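In this note's numbering, the protein residues as written are 52 to 535. Note that beta-carbon positions come from the ideal geometry of N, C-alpha and C, so glycine has one too. Bear in mind that the values here come from a model prediction, so they are computed numbers and not experimental data.
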């Protein structure tokens with residue numbers, strides 16, 4: 052197994068050599084190293100391959116050697132101060148002497164001379180990004196320096212700066228604050244943020260764009276919790292005793308509720324972080340929610356589709372989707388994480404959304420009459436009946452993700468596409484904003500773009516004449532007319 056250690060050092064040349072000697076002394080192999088002084092001058096990420104027992108021994112050695120303990124105060128953060136310093140020789144020196152006396156680090160500085168005002172007292176505007184050891188120290192510093200010149204706190208965001216002495220710590224802490232993530236998971240966040248940066252930098256994406264997109268993604272997830280969780284909800288009558296209600300959350304996959312024959316089937320379930328919000332909606336739409344048997348169908352094994360599967364008594368899915376979820380439950384690499392371009396985003400997503408693997412005793416594997424062997428984009432693998440609906444089940448070749456399923460009811464002209472088809476042209480503004488993040492961080496939401504396009508083409512080629520109601524996993528239901 053591979054494990055990444057977020058090491059913290061002061062002297063990178065000597066410390067990295069010492070860390071490598073420690074790892075080599077345990078007979079283990081380094082498989083990845085990442086260090087960028089412009090981003091964080093103390094953090095080196097080292098991926099090592101070994102057995103669980105070997106990793107336990109190595110972690111103890113690295114900790115005893117001081118490589119895993121950062122002395123920096125995680126509560127410290129960069130603040131931007133603006134100083135109105137008299138434009139006379141030595142004035143700025145007096146301010147800098149106070150900065151030095153309070154043991155405050157300057158991480159950013161900019162100044163400009165102002166035009167002489169009417170009172171004739173020339174001055175310069177100095178902006179300094181300062182890393183103070185504590186809020187109390189910063190307050191004492193500002194009280195003292197105000198005897199020399201005017202000083203005020205301003206917004207640092209416009210300068211586009213960050214503190215590169217504790218960047219990964221402060222960045223992970225910021226992400227954690229959005230989603231109430233505990234201290235224990237912040238190291239895992241740091242490791243995967245770094246992995247995302249390194250992976251995308253190798254494809255010429257600016258590290259700053261990576262960090263900005265991850266921050267926007269986390270903030271967006273947080274923004275729609277609680278009262279601001281306001282999905283678009285539509286209901287569609289299919290037959291005398293069948294209707295389909297679609298819940299389109301601002302972030303994550305749709306959840307469709309099929310009510311037929313006195314029972315309910317939930318197709319995909321969205322993110323785990325919206326559990327409370329979704330359950331409130333379920334109870335409103337389905338008054339018997341708390342007492343009824345709960346059935347679900349998972350179109351594929353992505354995090355935003357499987358986040359709430361553990362709420363259900365049984366979850367139907369293809370054999371390959373079940374296999375991916377089994378690997379995940381055993382802390383192995385899921386199908387999505389096999390792709391190195393997708394792995395860091397998926398792991399960040401799991402941490403931010405509070406994802407838990409699906410309980411294996413809830414999974415019901417659909418029998419497959421035919422196996423998808425990858426020679427055709429879409430293969431008919433069997434049937435699945437629920438209430439008045441009689442679905443033919445098709446499996447894609449893995450253009451989006453291996454195990455992906457499509458449900459087609461030819462009598463009622465109803466299709467559930469999963470992510471093989473996404474209705475990009477009819478999304479709410481919130482959905483559209485959410486769907487811009489993943490393609491940046493994964494380079495593509497599809498495993499194989501060309502194959503995914505072939506699957507979409509094959510899907511619509513399977514639909515006969517008439518008006519079809521196509522239910523995608525993202526975006527609104529689409530009416531699709533096949534000519535007579």
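Asked: Ordered list of alpha helix (DSSP H) runs contained in the segment 413–497, each at least 4 residues; Found: 480–485, 488–493
Asked: Own chain residues within Cβ distance below 7 Å of residue 136, not counting five before or after; Found: 142, 143, 146, 174, 175, 177, 200
Asked: Residues near residue 351 by beta carbon distance below 6 Å, same chain, minus five either side; Found: 372, 452, 454, 455, 469
Asked: Three-state secondary structure assigned by DSSP to residue 54; Found: strand
Asked: Proximity of residue 514 and residue 264 at Cβ, strictly below 7 Å; Found: no
Asked: For residue 297 and residue 528, believed in contact at Cβ under 8 Å, the rounded distance; Found: 6 Å
Asked: Alpha-carbon to alpha-carbon, residue 194 and residue 482; Found: 47 Å
Asked: Residue burial classification, residue 157 (beta-carbon count within 10 angstroms, cutoff 16); Found: exposed
Asked: Host beta strand (DSSP E) of residue 285 (start-end); Found: 283–290
Asked: Contact under 7 Å by Cβ, residue 57 with residue 353; Found: no
Asked: C-alpha gap between residue 115 and residue 106, whole angstroms; Found: 14 Å
Asked: Residue 291 versus residue 308: straight-line alpha-carbon distance, rounded; Found: 16 Å
Asked: Where the beta strand (DSSP E) through residue 187 begins and ends; Found: Run containing residue 187: none in the beta strand (DSSP E); it sits in the alpha helix (DSSP H), 186–196.
Asked: Sub-7 Å separation of residue 90 and residue 268 beta-carbons; Found: no
Asked: Host alpha helix (DSSP H) of residue 400 (start-end); Found: 394–404
Asked: Limits of the unbroken alpha helix (DSSP H) element including residue 145; Found: 142–152
Asked: Nearest residue (CA-CA) to residue 398, options 270, 240, 258; Found: 240
Asked: Per-residue DSSP class, three states only, for residue 390; Found: coil
Asked: Residue from 181, 202, 462, 436 whose Cα sits closest to the Cα of residue 519; Found: 462
Asked: Unbroken beta strand (DSSP E) run spanning residue 182, endpoints; Found: 174–182
Asked: Neighbour-count burial assignment, residue 320, 16 or more Cβ in a 10 Å radius; Found: buried
Asked: According to DSSP, residues forming a beta bridge with residue 346; Found: 316, 365
Asked: Coil, strand or helix - residue 116 by DSSP; Found: coil
Asked: Residue 311 (DSSP reduced to helix, strand or coil); Found: strand
Asked: Spatial neighbours of residue 334 in its chain, beta-carbon cut-off 8 Å, leaving aside the 5 residues before and after; Found: 340, 341
Asked: Segment contact, 8 Å Cβ cut-off, at least three pairs: the segment 299–315 with the segment 434–451; Found: yes
Asked: At least three beta-carbon pairs within less than 8 Å, the segment 417–429 to the segment 502–509; Found: yes
Asked: Cβ separation of residue 402 and residue 249, assumed to be a contact under 8 Å, to the nearest whole Å; Found: 18 Å between Cβ atoms; not a contact.
Asked: Length of the line joining the Cα atoms of residue 87 and residue 391; Found: 20 Å
Asked: Among 204, 203, 242, the one whose alpha carbon lies nearest that of residue 222; Found: 242
Asked: For residue 450, the nearest candidate out of 471, 374, 138 (CA to CA); Found: 471
Asked: Alpha carbon of residue 122 to alpha carbon of residue 191, nearest angstrom; Found: For residue 122, the predicted model reports a pLDDT of 45, less than 50, meaning its position is unreliable and no value from the coordinates is stated.
Asked: Range of the contiguous alpha helix (DSSP H) that encloses residue 509; Found: 500–512
Asked: Counted within 10 angstroms of its Cβ, other Cβ atoms place residue 412 as buried (16 or more) or exposed; Found: exposed
Asked: Cα-Cα separation, residue 231 to residue 202; Found: 34 Å
Asked: Integer-rounded CB distance, given that residue 329 should sit under 8 Å from residue 378; Found: Contact doesn't hold; Cβ gap of about 26 Å is too wide.
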